[in-house]
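Structure first, commentary second.
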Amino acid sequence: MAITKFNEIAVKNNAINLALGFPDYVVHDVVTKALSNATLDSVINNQYTRGAGHPRLIKILSKIYSNLTNHWINPLTDIVITVGGYEAIFCGISSHVNTADEVIIIEPFFESSIRGSDWILDPKELRSKFSIKTKMIISNTPNNPIGKIYTYDELQMIAKLSIEFNTLVLVDEVYEWMIFDHNQHIRMSKARLLTPLQEAFAVGYEMEYERLNQNLSFRKQFARSLQDKRDLIVNMFSEVNTNAVIPEGGFFLIVDFSNIAKRVNLLQKKENQTTGNS
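If you're matching positions, the sequence shown starts at 1 in UniProt numbering and goes up one per residue.
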């Protein structure tokens, strides 16, 4: 069910909507100040920038990810800046996948897990999905919505099968900096807006590059703040006899509310609404 449908149901029933969250923090002032400067102080930054990405931004991204992936990423040929993740995924799929091709999408499916790490890839099941028609496999780590981080062995398994069947791998790592509990995000390999905004992001990345693995890093501070919020809401659900799938990273939390559902007669409530009884 689409999240917009949950929004409609919540409004209709005057319910607290836990399906959609809103940030209670502002963007780091380094970025907001850089955006202001880029908008007000530069004529060049108010013109169209390079179509595949603002030069200053792709340069610092190349520097960061070449270091993180241990191989050279050419900023001019290996990086494309898109308007959000949806466009990036759309471009990746539409530029490579044809009508007769097959694409493997790994489902975040679970039955009785209580932690994101309890959800693992089944080697036999995964291999059975590959064929000579398989053009692409899409993986998401940390995973949305269960917060699972793929292990080195799981990524190796995907890589080996993709090499064997000559399959492209599209990796969505949008939550790569939101890692909890001393877990480690392992990159299989990665090349991942308005001109002033790209300039502002470039300034922010340049600052982060200098303190990437330090406690002063905004990304580390951000991950710690999210972990505190995760622990708070997990404890809140636990207090009302509701089990949460504890994510290793990411921005989402899945909750098993079956214990509560057993105590609510939804059928009777629906009949009362139909007849007008209270």
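The beta carbon of each residue, even a glycine, is placed where N, CA and C say it ideally should be.
Every value quoted in this text rests on a predicted model; they were computed, and no experiment measured them.
Residue environment, residue i, which counts as buried when at least 16 other CB atoms sit within 10 Å
i           : result
residue 148 : buried
residue 54  : buried
residue 141 : buried
residue 127 : exposed
residue 226 : buried
residue 278 : The pLDDT assigned to residue 278 is 46, lower than 50, so where the model puts this residue is not dependable, and the model offers no usable value.
residue 143 : buried
residue 100 : exposed
residue 150 : buried
residue 132 : exposed
residue 292 : It is not possible to answer for residue 292, since the shown part of the chain is limited to 1 through 278.
residue 158 : buried
residue 56  : buried
residue 87  : exposed
Sub-8 Å separation of residue i and residue j beta-carbons
i           : j           : result
residue 92  : residue 178 : no
residue 38  : residue 45  : yes
residue 49  : residue 221 : no
residue 235 : residue 259 : no
residue 146 : residue 23  : no
residue 81  : residue 73  : no
residue 154 : residue 121 : yes
residue 217 : residue 208 : yes
residue 75  : residue 58  : yes
Integer-rounded CB distance, given that residue j should sit under 8 Å from residue i
i           : j           : result
residue 167 : residue 135 : 7 Å
residue 180 : residue 223 : 7 Å
residue 97  : residue 138 : Actually they do not touch by this definition, with Cβ atoms about 10 Å apart.
residue 204 : residue 28  : 7 Å
Proximity test, residue i beta-carbon vs the ligand FMN heavy atom, cut-off 7 Å
i          : result
residue 34 : Of ligands this structure carries none, so the ligand FMN is not represented either.
Nearest to residue i (by Cα), restricted to the options the options
i           : options            : result
residue 185 : 69, 94, 58         : 69
residue 200 : 79, 11, 35         : 35
residue 210 : 64, 16, 41         : 64
residue 230 : 254, 215, 219, 213 : 254
residue 31  : 94, 239, 202       : 202
residue 238 : 187, 256, 11       : 256
residue 67  : 213, 232, 85, 161  : 213
residue 252 : 233, 261, 263, 262 : 233
residue 188 : 219, 161, 156, 215 : 156
Practice task
Inspect the CB distances between the stretch 160-174 and the stretch 7-19 and report whether three or more fall short of 8 Å.
Solution key: no
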